[in-house]
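First residue of the sequence shown? That's 1145 in the numbering used here, and the numbers climb one at a time after it.
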Amino acid sequence: MWQVLNPNAWTTSQPTLFGTRSNPPGSVENAATPLAPFYKWPSTPWTSNTARDTKYFYYNYPETNGLSAADLRVRIQRLYGGTAPQNQVRGGAASKRSYSASSLVSDGKYHEWSANIRLNKHQTSGTYLIHIFIGSPSNGVEWTSDPNFVGSYYLLTKNGTCSDCSDNALVTGSVPLTHMLIDCAKGGKLKDLSPESVIPYLKTKLHWRVQLPGNNGGYINPQDVRSLKISVTSATVTLPLSSGQDAPITKWTTYYDVTNQKPGGLCYGDPN
């Protein structure tokens, strides 16, 4: 569905760091790079370009079968729109609650918020999770059921894969904060979603934990993951007039004040 809505976004050209059995380290991979060992014909390998459409594999999805981008937006709105931030700030099903959804919107616009995560994938051996909270988390390890839990970023790594892994494998991810901030506004903890309201709130309320997987997963001190940098960003979204339209969004702005001098947080002077 994302591909139908973004037809011009595709595989970019970039050098491969470690290489594969068919592509040596440093070689450039792009949309025409053979996807060994998968062959379309006995002497013709598949590439990202030739595998772009699922119809070549004789299957399709109901949501993308013959639909235009505009029709697909309407379908997505029906399937997932009830919990989308843009519908929550309009009011929708939550309009009966004791807050005014209109207070979250100014001139047809509202603010989206996200916690961005950047770290060296192999700095901590094994698989682990980074949990984001708005409000102090409990002292236990059942963090995903904590009422202040927002979301997690999950990293799957291997132990001792190569000598260069510890230096060169930066990965990034994000955890949306908007839905939880809207709940905070419903509860009277926030006036609105503007930076003037949200930044002071998140400076004291935003927390994170690094955990090994499993119910008894151990806690890792964020200070021990030296490359970990968590930042808070925001962008302004213009509410579309109909469900078949895009919601224009501005460039994302990073607010260093929220995470500065926190263990694992993006600080002033750090590259964004």
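Every residue, glycine too, gets a C-beta built ideally from N, C-alpha and C.
Computed from a predicted structure; not experimentally measured.
Would you kindly report the start and end of the unbroken beta strand (DSSP E) that includes residue i?
{"i": "A1259", "result": "K1253 to N1264"}
{"i": "Q1355", "result": "L1350 to Q1355"}
{"i": "I1274", "result": "Y1272 to I1278"}
{"i": "L1334", "result": "First-last for L1334: undefined, no H or E at that position."}
{"i": "V1218", "result": "Not the beta strand (DSSP E): V1218 falls in the alpha helix (DSSP H), residues A1213 to Y1224."}
Quick one: what's got a C-beta closer than 6 Å to residue i's C-beta in the same chain, skipping five residues either side?
{"i": "C1328", "result": "L1334"}
{"i": "P1320", "result": "S1258"}
{"i": "G1409", "result": "I1374 and T1403"}
{"i": "W1190", "result": "L1179, F1182 and K1184"}
Is it buried or exposed, residue i, if we count other Cβ atoms within 10 angstroms and call 16 or more buried?
{"i": "S1242", "result": "The predicted model places S1242 with a pLDDT of 40, which falls under 50 and marks its position as unreliable; any figure quoted below should be read in that light. Exposed, by the Cβ-count rule."}
{"i": "N1260", "result": "buried"}
{"i": "Y1288", "result": "Contrary to the premise, residue 1288 reads as Thr rather than Tyr in this sequence. Exposed, because fewer than 16 other Cβ atoms sit within 10 Å of the Cβ of T1288."}
{"i": "F1293", "result": "buried"}
{"i": "G1413", "result": "exposed"}
{"i": "W1146", "result": "exposed"}
{"i": "D1272", "result": "For clarity, residue 1272 is Tyr in the given sequence; the question names Asp instead. Buried: at least 16 other Cβ atoms inside 10 Å."}
{"i": "S1378", "result": "buried"}
Near residue i, which residues of its chain fall below 7 Å by C-beta distance, leaving aside the five closest residues on each side in sequence?
{"i": "S1338", "result": "H1255"}
{"i": "T1382", "result": "G1252, K1253, A1391 and P1392"}
{"i": "G1279", "result": "N1292 and K1349"}
DSSP beta-bridge partners for residue i?
{"i": "A1379", "result": "E1256"}
{"i": "L1314", "result": "N1264"}
{"i": "E1173", "result": "Q1158"}
{"i": "G1409", "result": "I1374"}
{"i": "T1397", "result": "S1378"}
{"i": "I1364", "result": "V1354"}
{"i": "W1185", "result": "T1188"}
{"i": "S1250", "result": "K1253"}
{"i": "V1319", "result": "A1259"}
Who are the Cβ neighbours of residue i in its own chain at under 8 Å, not counting the five residues just before and after it?
{"i": "P1169", "result": "T1160, L1161, F1162 and G1163"}
{"i": "S1171", "result": "P1159, T1160 and G1163"}
{"i": "K1347", "result": "D1401 and V1402"}
{"i": "V1233", "result": "A1245, L1248, V1249, Y1254, I1326, L1337 and L1383"}
The alpha helix (DSSP H) that contains residue i, what's its start and end?
{"i": "V1294", "result": "Not the alpha helix (DSSP H): V1294 falls in the beta strand (DSSP E), residues F1293 to L1299."}
{"i": "K1330", "result": "T1322 to K1330"}
{"i": "W1146", "result": "W1146 to L1149"}
Can residue i be considered in contact with the ligand NAP, in the sense that its beta carbon sits closer than 7 Å to one or more heavy atoms?
{"i": "K1330", "result": "The ligand NAP is absent from the structure shown, which contains no ligands of any kind."}
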